[in-house]
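**Student:**
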Amino acid sequence: MLDNLQETVSAWPFGVFFLLVGSCVGSFLNVCIHRLPAGKSLVWPPSHCVVCLAPIAWYDNIPVVSYFVLRGRCRQCGTRFSARYAVVEAASGLVFFGFWLAYFIFGVRPGAAHVGVYAVHMVLASALVASGVIDFERKEIYTSVTNVALAVALIGSFLWPQVQRVGAYDGQLPGWTGWERADAVLLGLLGAAVGGGLIFVTRLLGTWAFKKEAMGIGDIYLMAAIGGALGWEAAVLVFLAAPFLGLAYGLWHLARKHDSEVPYGPFLGLAAGAVMLVQDGVVAHFRPGIEVMWEIVYRIVCQTAGSG
Ligand SMILES: [Zn+2]
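All residue numbers for the sequence shown refer to the working numbering, where the first residue is 3 and numbers rise by one.
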């Protein structure tokens, strides 16, 4: 049924709808960003001013708009709210809208113009925004956030196996068999293992080489969610791309603050966002090389096995 929605979703009102949905998701991400590090419940109490504790009415809680209407202040006591509330809401809205534009209008990846794929990708993007902001501010990643994204990716892979086959889309959307659904879930688990495993090994090697903790445990979970949703090839691409994004910031940060501890989560998130757009083309570009590499590995293994 969802497959038939694909053309409907390409209509412009849906773009506006996803822009609004994204900014409302951003509003919830603000709650996560504030309450998770404080160990508070995400659902209770409802939104309130952190200074005067006055509850915030629904009409004062409209994403982005309310921030400007109230000029960034509490209606009751006039305390200034951080501009970050509006920034996260606007950014989330633009992320949802931008990927809708890229997938359904520009068709940057034919296989991604699918409601299920879009849903899984936007849950991942939301987790990356929340994790990126929290990691940037506190150098911590909450596995409760990344695990939701991983769980949604695996459930989504079962419901819509094309989540794990975005690059293989050939214009046909078959009725999936139970085996194909199980296969998609396994591919998601493989992606999670490759993503988490790459960071795990880097962390082991880095900690051994530099005699201090290199990369956090949270980065393992974050990459597991990325690999689970986007597949093992994407996990490798994100792993390779993120250091380039992080390096520039790291050098600037080191020069300015003489602090070499750089949060890695935001850069894994940015790299994942980029890979979500260009994955098919890049993988197709490297596939011949990867096949040659496997061929060499295969021959070495065969020869070693033969001579032994
Ligand atoms: Zn107040």
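Don't be surprised by glycine CBs; every beta carbon is placed ideally from N, CA and C.
Hey, quick one: how far does the alpha helix (DSSP H) through Q8 stretch, first residue to last?
**Tutor:** It spans 7 to 11 - the alpha helix (DSSP H) in which Q8 sits, taken as one unbroken run.
**Student:** According to DSSP, is H287 helix, strand or coil?
**Tutor:** Correct three-state label for H287: helix.
**Student:** Are the Cβ atoms of Y120 and Y105 separated by less than 8 Å?
**Tutor:** Yes, the pair counts as a contact, with Cβ atoms nearer than the cut-off.
**Student:** My understanding is that V117 touches Q8, with C-beta atoms under 8 Å, so please give their C-beta distance in whole angstroms.
**Tutor:** At roughly 7 Å, the Cβ-Cβ gap stays under 8 Å, so V117 and Q8 are in contact.
**Student:** Is it the case that the region 232 to 244 contacts the region 207 to 215, given that we only count it when at least three CB pairs across the two stretches are under 8 Å?
**Tutor:** No, because fewer than three Cβ pairs between the region 207 to 215 and the region 232 to 244 fall closer than 8 Å, the two stretches do not touch.
**Student:** Which same chain residues end up closer than 8 Å to S43 when comparing Cβ atoms and leaving out the 5 residues on each side of it in sequence?
**Tutor:** Only R37 meet the Cβ criterion.
**Student:** Please determine whether the Cβ atom of V53 lies at a distance below 7 Å from any heavy atom of ligand 1.
**Tutor:** Yes, since a heavy atom of ligand 1 falls inside the 7 Å radius drawn around the Cβ of V53.
**Student:** Tell me, to the nearest whole angstrom, how far the beta carbon of G220 is from that of G267; I am working on the premise that it is less than 8 Å.
**Tutor:** Confirmed, Cβ separation roughly 7 Å.
**Student:** Quick check: F202 and R183, are their CB atoms within less than 8 Å of each other?
**Tutor:** No, the Cβ-Cβ distance between F202 and R183 is not below 8 Å.
**Student:** Comparing C-alpha positions only, which one of V238, V147, G248 sits nearest to F30?
**Tutor:** Ranking V238, V147, G248 by Cα distance to F30 puts V147 first.
**Student:** Below 8 Å between beta carbons: does that hold for V240 and V277?
**Tutor:** Going by C-beta atoms, V240 is nearer than 8 Å to V277.
**Student:** Measure the C-alpha to C-alpha separation of V27 and G95 and round it to an integer number of angstroms.
**Tutor:** Their Cα atoms are separated by approximately 8 Å.
**Student:** Assign G308 to one of two classes, buried (16 or more other C-beta atoms within 10 Å of its C-beta) or exposed (fewer than that).
**Tutor:** Looking at its Cβ environment, which holds fewer than 16 other Cβ atoms inside 10 Å, G308 is exposed.
**Student:** Measuring only the C-alpha atoms, how far is F138 from M295?
**Tutor:** Distance between the alpha carbons of F138 and M295: 37 Å.
**Student:** What beta strand (DSSP E) runs, 3 residues minimum, are completely inside the region 23 to 76?
**Tutor:** Counting only runs of 3 or more, we get nothing.
**Student:** How many whole angstroms separate the CB atoms of G17 and F99, which I take to be in contact at a CB cut-off of 8 Å?
**Tutor:** That pair is a contact at about 6 Å.
**Student:** Checking 8 Å against the spacing of the C-beta atoms, do L272 and M225 come in under that value?
**Tutor:** The answer is no: Cβ separation not under 8 Å.
**Student:** Would you kindly work out how many angstroms separate the C-alpha atoms of S68 and D62, rounded to a whole number?
**Tutor:** Rounded to whole angstroms, S68 to D62 spans 5 Å at the Cα level.
**Student:** Hey, is A59 close to ligand 1, as in C-beta under 7 Å from one of its heavy atoms?
**Tutor:** For ligand 1, not one heavy atom lies less than 7 Å from the Cβ of A59.
**Student:** Can you grab the Cα-Cα spacing for the pair E257 / P265, in whole Å?
**Tutor:** First, the residue type needs correcting, since residue 257 is Ala and not Glu in the sequence shown. Their Cα atoms are separated by approximately 16 Å.
**Student:** Nearest CA to the CA of G199: which residue from A186, A227, G177?
**Tutor:** Out of A186, A227, G177, A227 has the C-alpha closest to the C-alpha of G199.
**Student:** Report all residues from its chain with a CB closer than 8 Å to the CB of C54; omit the five preceding and five following residues, and keep chain order.
**Tutor:** Excluding residues within five positions, the ones whose Cβ falls inside 8 Å are C76, Q78, C79, T81.
**Student:** Report the three-state DSSP secondary structure of R140 (helix, strand or coil).
**Tutor:** Reduced to three states, the DSSP call for R140 is helix.
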